[in-house]
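For reference, the structure is listed below as structure tokens.
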Amino acid sequence: MPVIEPAARCKPERTVIVLVVVLLHGGLASWLASLAQMPPARTLATSIAVQWLPAQPVPLPAVAKSAAAMPQQPSHQPRHQAAAKSAPVRPAPVTPQPSSPPLAQAVQTIRATDAMATHQAASVAAPSPSPVEAHSPVSTEPGFSADYLHNPAPAYPAAARRNGEEGKVLLRVHVSAQGQAETVEIHRSSGFIRLDEAARETVANWRFTPARRGAVAIASSVIVPITFRLGHA
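The sequence shown runs contiguously to residue 447 in this note's numbering.
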């Protein structure tokens, strides 16, 4: 009989082990491949809404509600109203007004009357100002036609006579309180310069009676007319 060696016995066992390992590796590889082919997991978008809810009122105890519901004030009001209606209304005593205001009014009236009488008496007693003191107007104007003044008439200019010049000139003369002609101005011209100048030069040397306010001589102005006529020259 042939003799079986130990190495020959171990070969079938090794073969089985190798097959098992190969099968395990193959299964693992196929499982990994199936995992790689699976679609990725989807992430669902979620939103969170926060809402503030007011606190719910805490119900009061039944005892507090019953106590609040009991009307205590109206129970006392009818009693007060009845007491007020039952009490009679007495009129307030009328106190007599003091008689001092009428007396004060009477005193004021008497004082006002006395003041009016005093004012009237003072106005009657005060002397009225005289016309001289109250800036009375000039009583007399300056004079220039008196004979004692010896005022000569203006000479008729020869050139005006030859040219037949005639006319009337008005001169405004300011007379001082001493009766002298301070200024002589032509108030209205005769129409001829020679006649106007002859009249002005002559009147400037005249003597005047000064104006008077009452008994006081004052300075004033007067209009002096000078007429030039050929028939009376």
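In this text, a Cβ means the ideal position worked out from N, Cα and C, and glycines have one as well. Please read all numbers here as calculations on a predicted model, not as lab measurements.
Beta-carbon proximity check, residue i vs residue j, cutoff 8 Å
{"i": "residue 444", "j": "residue 381", "result": "no"}
{"i": "residue 356", "j": "residue 429", "result": "no"}
{"i": "residue 440", "j": "residue 389", "result": "no"}
{"i": "residue 435", "j": "residue 387", "result": "yes"}
{"i": "residue 416", "j": "residue 366", "result": "yes"}
Alpha carbon of residue i to alpha carbon of residue j, nearest angstrom
{"i": "residue 431", "j": "residue 423", "result": "9 Å"}
{"i": "residue 404", "j": "residue 438", "result": "13 Å"}
{"i": "residue 407", "j": "residue 370", "result": "12 Å"}
{"i": "residue 209", "j": "residue 433", "result": "No answer is possible for residue 209: it lies beyond the span of the chain, which begins at 215 and ends at 447."}
{"i": "residue 359", "j": "residue 368", "result": "14 Å"}
{"i": "residue 361", "j": "residue 372", "result": "27 Å"}
Chain D contact for residue i (CB, 8 Å cutoff)
{"i": "residue 362", "result": "Included in the structure is just one protein chain, with no chain D present."}
Proximal residues to residue i (C-beta, below 7 Å), its chain only, five neighbours per side dropped
{"i": "residue 400", "result": "383, 385, 410, 414"}
{"i": "residue 393", "result": "421, 422, 423, 424"}
{"i": "residue 418", "result": "395, 398"}
Mind listing, in chain order, the continuous beta strand (DSSP E) runs of no fewer than 3 residues lying wholly within the stretch 362–436?
Given a length threshold of 3 residues, each whole run of the beta strand (DSSP E) inside the stretch 362–436 is given here in chain order: 381–389, 395–402, 425–427, 430–432.
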